[in-house]
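Report on the structure given below.
Numbering (my numbering), first residue to last: 807 to 948.
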(Lines of atoms letter the chains of each structure in order from A and count residues from 1; the text may use other names and numbers.)
(Lines give C-alpha, C1' and ligand atoms only; values in the text may rest on other atoms or scores of the structure.)
Protein backbone atom coordinates (compact mmCIF):
# COMPACT_ATOMS: atom_id res chain seq x y z
CA UNK A 1 0.00 0.00 0.00
CA UNK A 2 1.38 3.41 -0.96
CA UNK A 3 2.08 6.06 1.66
CA UNK A 4 -0.47 8.80 1.04
CA UNK A 5 0.40 10.93 4.06
CA UNK A 6 1.67 14.44 3.50
CA UNK A 7 4.60 16.00 5.27
CA UNK A 8 5.08 19.65 6.10
CA UNK A 9 7.66 21.19 3.78
CA UNK A 10 9.39 24.45 4.65
CA UNK A 11 8.90 26.83 1.75
CA UNK A 12 10.37 29.94 3.37
CA UNK A 13 14.10 30.31 3.75
CA UNK A 14 15.41 30.83 7.24
CA UNK A 15 16.36 34.39 8.13
CA UNK A 16 19.96 33.42 8.86
CA UNK A 17 20.26 31.76 5.46
CA UNK A 18 18.99 34.89 3.71
CA UNK A 19 21.38 37.12 5.67
CA UNK A 20 24.29 34.86 4.72
CA UNK A 21 23.26 34.94 1.04
CA UNK A 22 23.17 38.75 1.29
CA UNK A 23 26.67 38.58 2.80
CA UNK A 24 25.35 40.62 5.74
CA UNK A 25 26.83 38.17 8.26
CA UNK A 26 28.47 34.77 8.51
CA UNK A 27 27.57 31.48 10.19
CA UNK A 28 29.53 32.25 13.37
CA UNK A 29 27.52 35.43 13.94
CA UNK A 30 24.26 33.56 13.45
CA UNK A 31 25.33 30.82 15.85
CA UNK A 32 26.25 33.44 18.47
CA UNK A 33 22.84 35.09 18.06
CA UNK A 34 21.09 31.70 18.28
CA UNK A 35 22.89 31.04 21.59
CA UNK A 36 21.70 34.40 22.92
CA UNK A 37 18.19 33.63 21.67
CA UNK A 38 18.20 30.26 23.45
CA UNK A 39 19.31 31.87 26.74
CA UNK A 40 17.31 35.09 26.66
CA UNK A 41 14.58 34.63 24.06
CA UNK A 42 13.74 37.23 21.44
CA UNK A 43 13.79 37.43 17.68
CA UNK A 44 16.94 36.36 15.87
CA UNK A 45 17.07 39.43 13.64
CA UNK A 46 16.76 41.85 16.54
CA UNK A 47 19.48 39.97 18.42
CA UNK A 48 21.80 40.22 15.41
CA UNK A 49 21.17 43.98 15.28
CA UNK A 50 21.71 44.34 19.03
CA UNK A 51 25.01 42.44 18.75
CA UNK A 52 25.93 44.81 15.88
CA UNK A 53 26.41 41.88 13.51
CA UNK A 54 23.97 43.45 11.03
CA UNK A 55 22.34 46.84 10.50
CA UNK A 56 18.60 47.35 10.81
CA UNK A 57 18.29 48.11 7.09
CA UNK A 58 19.90 44.71 6.35
CA UNK A 59 17.40 43.04 8.68
CA UNK A 60 14.47 44.78 6.98
CA UNK A 61 15.78 43.74 3.54
CA UNK A 62 16.14 40.12 4.68
CA UNK A 63 12.69 40.05 6.30
CA UNK A 64 11.25 41.52 3.12
CA UNK A 65 12.86 38.78 1.03
CA UNK A 66 11.66 36.12 3.44
CA UNK A 67 8.05 37.33 3.53
CA UNK A 68 7.77 38.63 -0.04
CA UNK A 69 7.44 42.30 0.95
CA UNK A 70 9.07 45.30 -0.68
CA UNK A 71 10.97 47.61 1.66
CA UNK A 72 10.91 51.38 2.01
CA UNK A 73 12.98 54.04 3.73
CA UNK A 74 10.41 56.43 5.21
CA UNK A 75 13.00 59.23 5.26
CA UNK A 76 12.74 59.27 1.45
CA UNK A 77 8.93 59.31 1.24
CA UNK A 78 7.27 62.59 0.24
CA UNK A 79 4.26 62.95 2.53
CA UNK A 80 1.70 64.91 0.49
CA UNK A 81 -1.49 66.22 2.11
CA UNK A 82 -3.49 63.59 0.18
CA UNK A 83 -1.24 60.84 1.52
CA UNK A 84 -1.44 62.12 5.10
CA UNK A 85 -5.24 62.32 4.89
CA UNK A 86 -5.55 58.80 3.45
CA UNK A 87 -5.65 57.31 6.97
CA UNK A 88 -6.28 59.18 10.21
CA UNK A 89 -3.46 59.44 12.73
CA UNK A 90 -5.17 57.45 15.49
CA UNK A 91 -5.89 54.53 13.13
CA UNK A 92 -2.28 54.61 11.91
CA UNK A 93 -1.02 54.49 15.51
CA UNK A 94 -3.41 51.71 16.53
CA UNK A 95 -2.42 49.55 13.55
CA UNK A 96 1.26 50.54 13.57
CA UNK A 97 1.30 51.68 9.95
CA UNK A 98 2.44 54.70 7.97
CA UNK A 99 0.86 55.52 4.59
CA UNK A 100 3.56 55.73 1.91
CA UNK A 101 1.71 55.77 -1.43
CA UNK A 102 -1.83 56.56 -2.53
CA UNK A 103 -3.22 55.57 -5.90
CA UNK A 104 -6.85 55.36 -7.04
CA UNK A 105 -8.42 52.49 -5.07
CA UNK A 106 -5.08 51.45 -3.56
CA UNK A 107 -3.20 52.50 -0.43
CA UNK A 108 0.33 51.34 0.36
CA UNK A 109 1.32 51.38 4.03
CA UNK A 110 4.59 50.65 5.80
CA UNK A 111 4.66 48.11 8.61
CA UNK A 112 7.63 47.13 10.75
CA UNK A 113 6.95 43.42 11.13
CA UNK A 114 5.79 41.12 8.31
CA UNK A 115 4.22 38.83 10.93
CA UNK A 116 1.71 41.60 11.62
CA UNK A 117 0.42 41.63 8.06
CA UNK A 118 -3.11 40.80 9.29
CA UNK A 119 -3.52 44.53 9.94
CA UNK A 120 -3.64 44.92 6.16
CA UNK A 121 -6.90 42.95 6.09
CA UNK A 122 -8.34 45.17 8.82
CA UNK A 123 -7.32 48.28 6.89
CA UNK A 124 -8.89 46.89 3.70
CA UNK A 125 -12.14 46.57 5.61
CA UNK A 126 -11.87 50.09 7.06
CA UNK A 127 -10.85 51.82 3.84
CA UNK A 128 -12.96 49.75 1.46
CA UNK A 129 -10.04 49.56 -0.96
CA UNK A 130 -6.93 47.60 -1.69
CA UNK A 131 -4.20 47.95 0.94
CA UNK A 132 -0.66 46.82 0.22
CA UNK A 133 2.07 46.49 2.83
CA UNK A 134 5.76 47.30 2.59
CA UNK A 135 8.38 46.91 5.31
CA UNK A 136 10.19 49.77 7.02
CA UNK A 137 12.43 49.97 10.08
CA UNK A 138 10.47 49.90 13.33
CA UNK A 139 11.98 53.19 14.51
CA UNK A 140 10.58 54.90 11.40
CA UNK A 141 7.11 53.37 11.69
CA UNK A 142 6.62 54.39 15.34
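Note that CB positions come from ideal geometry on N, CA and C, so glycine has one too.
Residue of the options minimising C-alpha distance to residue i
i: residue 868; options: 831, 836, 824 and 881; result: 824
i: residue 938; options: 925, 944 and 947; result: 925
i: residue 947; options: 912, 920 and 903; result: 903
i: residue 906; options: 876, 820, 866 and 928; result: 876
i: residue 920; options: 845, 945 and 872; result: 872
Coil, strand or helix - residue i by DSSP
i: residue 897; result: helix
i: residue 945; result: helix
i: residue 916; result: strand
i: residue 816; result: Note that residue 816 has pLDDT 47, beneath the 50 cutoff, so the model's placement of it is unreliable and no number is given.
i: residue 936; result: strand
i: residue 924; result: helix
Exposure of residue i, with buried meaning 16 or more beta-carbon neighbours within 10 Å
i: residue 900; result: exposed
i: residue 812; result: Confidence at residue 812 is low in this model, with a pLDDT of 45, below 50, so its placement is unreliable and the value that follows should be read with caution. The residue is exposed, with fewer than 16 neighbouring Cβ atoms inside 10 Å.
i: residue 887; result: exposed
i: residue 822; result: buried
i: residue 767; result: Here the chain comprises residues numbered 807 to 948, so residue 767 is not present and cannot be evaluated.
i: residue 864; result: buried
i: residue 914; result: buried
i: residue 941; result: buried
i: residue 839; result: buried
Limits of the unbroken alpha helix (DSSP H) element including residue i
i: residue 857; result: Element bounds for residue 857: n/a, residue is neither H nor E.
N-terminal and C-terminal residue of the beta strand (DSSP E) that residue i is part of
i: residue 909; result: 904–909
Any contact of the region 857–872 with the region 821–840, i.e. 3+ C-beta pairs under 8 Å? yes
If we count Cβ pairs, one from each stretch, closer than 8 Å, do we get three or more for the region 837–853 versus the region 884–898? no
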